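Colleague:
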Amino acid sequence: MEDFRVNNILIPEELPLIALKNTVLFPKAITPIIIQRPKSAGALDFALSTNKLVFFITQKNIEDKVEQKDLFRLGTIGRIVSVFKLPDGSSKVDVEGLIRARIANFISEEPFFKVQIEPITLIVRDNLDEKALLRRAIDLFSHISEIKSFPTIMPEIIYMMSQVKDIEQVISLMTINLNLEAENQQNILELESAIDALRKLNEFLAREIEILEAEKNVTKETKKQIGKMQKELFLREQLKSIEKELGVDDEKGEAELLKSKIVAAGMPKDVKEKALKELNRLSKMPPFNPEISYLRTYLDLLTELPWLKKEKEDIDLKQAEKILNQDHYGLNKVKERVLEYLAVQKQVGKLKGPILCLVGPPGTGKTSVGQSIARSAA
1 MEDFRVNNIL
11 IPEELPLIAL
21 KNTVLFPKAI
31 TPIIIQRPKS
41 AGALDFALST
51 NKLVFFITQK
61 NIEDKVEQKD
71 LFRLGTIGRI
81 VSVFKLPDGS
91 SKVDVEGLIR
101 ARIANFISEE
111 PFFKVQIEPI
121 TLIVRDNLDE
131 KALLRRAIDL
141 FSHISEIKSF
151 PTIMPEIIYM
161 MSQVKDIEQV
171 ISLMTINLNL
181 EAENQQNILE
191 LESAIDALRK
201 LNEFLAREIE
211 ILEAEKNVTK
221 ETKKQIGKMQ
231 KELFLREQLK
241 SIEKELGVDD
251 EKGEAELLKS
261 KIVAAGMPKD
271 VKEKALKELN
281 RLSKMPPFNP
291 EISYLRTYLD
301 LLTELPWLKK
311 EKEDIDLKQA
321 EKILNQDHYG
331 LNKVKERVLE
341 YLAVQKQVGK
351 LKGPILCLVG
361 PPGTGKTSVG
371 QSIARSAA
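Quick note: the UniProt record's numbering has the sequence shown finishing at residue 378, numbered continuously throughout.
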């Protein structure tokens, strides 16, 4: 390889190599890097003792022990700007990316990787398509900084992108500051032309905006739900205080007691469902509703009825006729129908057919006839 210069810096054909985990170094951008592994530390020391140049390349995995097969083939030549020793023995290094390069050959692996490299210049066409893609990328990038809940992109970076004339530098700044995985960053680094890199960046930027908009909607909905829950909690606490002042707690206690009586009464299923339905209606009524007393009396009656008590009926037709004649004068048709009903019931044992219905104006003896029937069947 002939002598190659970047910013008047002579790039030698052979350079020490430092492998990076989950980090991609881009040209024309300064990136902080932590150096911990022995091979990386050896390569750093060699660079500091010579020309401060290192070939940085990203690993395909995050293993500590690195082999040739674990490395991508295209990386970036970087110049060490500053080194800061950390208490744990590692070093924080600020690196200025100079130019893309490809590994031509591995020279050695011990005590650190040393490689022969081929610098690669990004193809810049400076045509209308390229300018349009660049402008759109900057607009999308600016939009991302606006919709982020906690902006991580400084306004100075966006301003710098709009002012910088070097398209490769804009691509590097944008890729570094965008929330991309290392593999996607590597894909952009390996593209040969600026227009291809901008197309890929626009795809990632559009996808990032979709993700951020979705996050924004989720956050908004979550806040709305939390606000609704807090409001409900506040209203429930207020309701408790009001109910306590009005003595509604006592009424709730009565409702629970009535419910337990309904459950324990042994009612038929349809009667029980009806009773619980009426109890639910009772619990929702305002305290001063006049219907409350009627409903409560009705439910008390249902719970007091001997649903579980069963007695064998011993029907004596002569005794029944005697009781009916004693209790009522006249009403021959009614008496005949009642005696007929009792006779059929005595013969069959259990009558599921017709139900006697006593109809007439008040005071004509409907209730007393019913009482007489009960006496005669007792």
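From the three backbone atoms N, C-alpha and C, an ideal C-beta is built for every residue, glycine too.
On a predicted model such as this, the values are computed, not experimentally measured, just so you know.
1. Looking only at C-alpha atoms, which of Glu190, Lys274, Asn217 and Val93 sits nearest to Glu123?
2. What do you reckon, are the CB atoms on Ile34 and Ser90 nearer than 8 Å?
3. State the Cα-Cα distance for the pair Glu256 and Val271, rounded to the nearest angstrom.
4. Smallest Cα separation from Gln371: which of Pro362, Phe56 and Ile323?
5. Just to confirm, is the Cβ distance from residue 386 to Phe55 under 8 Å?
6. Go to Ile62, then tell me how far its beta strand (DSSP E) extends in each direction, as first and last residue.
7. Please list, in chain order, all residues of the same chain as Ile147 whose beta carbon is under 8 Å from its beta carbon, the five residues on each side excluded.
8. Note down the Cα distance separating Lys346 from Thr297, rounded to an integer number of angstroms.
9. Within the continuous alpha helix (DSSP H) that includes Ser283, where are the two ends?
10. Below 8 Å, how does it come out for the region 14-27 and the region 106-116: are there three or more Cβ pairs, yes or no?
11. Find out if the Cβ-Cβ distance for the pair Leu128, Ile171 is shorter than 8 Å.
12. Please work out which residues of its chain come closer than 7 Å, Cβ to Cβ, to Arg375, disregarding the five sequence neighbours upstream and downstream, and give them in chain order.
13. State the Cα-Cα distance for the pair Arg37 and Glu232, rounded to the nearest angstrom.
14. DSSP has Ser193 in a bridge; who is on the other side?
15. Assuming contact is defined by CB atoms lying nearer than 8 Å, are Ile144 and Leu53 in contact in what I supplied?
16. Could you check what DSSP says for Asn51 in three-state terms: helix, strand or coil?
17. If we ignore side chains and look at the alpha-carbon of each, how far apart do Gln169 and Lys220 end up?
18. Hey, how far is the Cα of Leu235 from the Cα of Gln225?
19. Going by C-alpha distance, which of Ile57, Met160 and Glu181 is nearest Leu173?
20. Could you tell me how far apart the beta carbons of Glu96 and Ile30 are, in whole angstroms, since I believe they sit closer than 8 Å?
21. For the beta strand (DSSP E) containing Lys85, list its first residue and its last residue.
22. What does the alpha-carbon distance come out to for the pair Lys223 and Leu25?
23. For Gly97, write down the residues that DSSP places opposite it in a beta bridge.
24. Let me make sure I understand the geometry here. Which of Tyr294, Gly266, Pro268 and Ala264 has the alpha-carbon closest to that of Glu278?
25. Any idea if Ser40 is buried or exposed, counting beta-carbon neighbours within 10 angstroms, 16 or more meaning buried?
26. In terms of DSSP beta bridges, what is Arg37 paired with?
27. Under the three-state reduction of DSSP, which class applies to Ala104: helix, strand or coil?
28. Are the Cβ atoms of Leu282 and Ile262 separated by less than 8 Å?
29. Relative to the alpha-carbon of Ile355, which residue among Met229, Leu10, Lys333 and Val338 has its alpha-carbon at the smallest distance?
30. Could you tell me the boundaries of the beta strand (DSSP E) in which Glu14 lies?
31. List the residues that DSSP assigns as beta-bridge partners of Thr31.
32. Would you report the Cα separation of Glu67 and Leu10, rounded to the nearest angstrom?
33. With 16 other CB atoms within 10 Å as the buried threshold, where does Lys28 fall?
34. In the DSSP assignment, find the unbroken beta strand (DSSP E) run with Val170 in it and report its ends.
35. Using three-state DSSP, classify Glu118 as helix, strand or coil.
Modeller: Let me lay it out:
1. This sequence places Ile at residue 123; Glu is not what is there. Checked all of Glu190, Lys274, Asn217 and Val93; the closest Cα to Ile123 is Glu190.
2. yes
3. Between Glu256 and Val271, the C-alpha separation is close to 18 Å.
4. Ile323
5. Beyond the ends of the chain as shown, which are 1 and 378, falls residue 386; an answer cannot be given.
6. Looking at the DSSP string, Ile62 is not in any beta strand (DSSP E), and its letter there is neither H nor E.
7. Cβ-Cβ distances below 8 Å link Ile147 to Ile209, Leu212, Glu213 and Lys216 in the same chain, with the five nearest sequence neighbours on each side left out; the list follows chain order.
8. If I take the Cα positions, the gap works out to 34 Å.
9. Lys269 to Ser283
10. Counting C-beta pairs closer than 8 Å gives three or more between the region 14-27 and the region 106-116, which meets the contact rule.
11. no
12. Hits under 7 Å: Ile323.
13. 56 Å
14. Answer is Ile123.
15. no
16. coil
17. 36 Å
18. When rounded, the distance between both Cα atoms is 15 Å.
19. Met160
20. 5 Å
21. Leu74 to Lys85
22. Going from the Cα of Lys223 to the Cα of Leu25 covers about 39 Å.
23. Gly78
24. Tyr294
25. buried
26. Under DSSP, Arg37 forms no beta bridge with any residue.
27. strand
28. no
29. Val338
30. Glu14 to Leu20
31. DSSP, once it has assigned bridges, lists Val95 as partnering Thr31.
32. Computed Cα separation, rounded: 28 Å.
33. buried
34. It is not in any beta strand (DSSP E) - Val170 instead sits in the alpha helix (DSSP H) that spans Ile167 to Asn177.
35. strand
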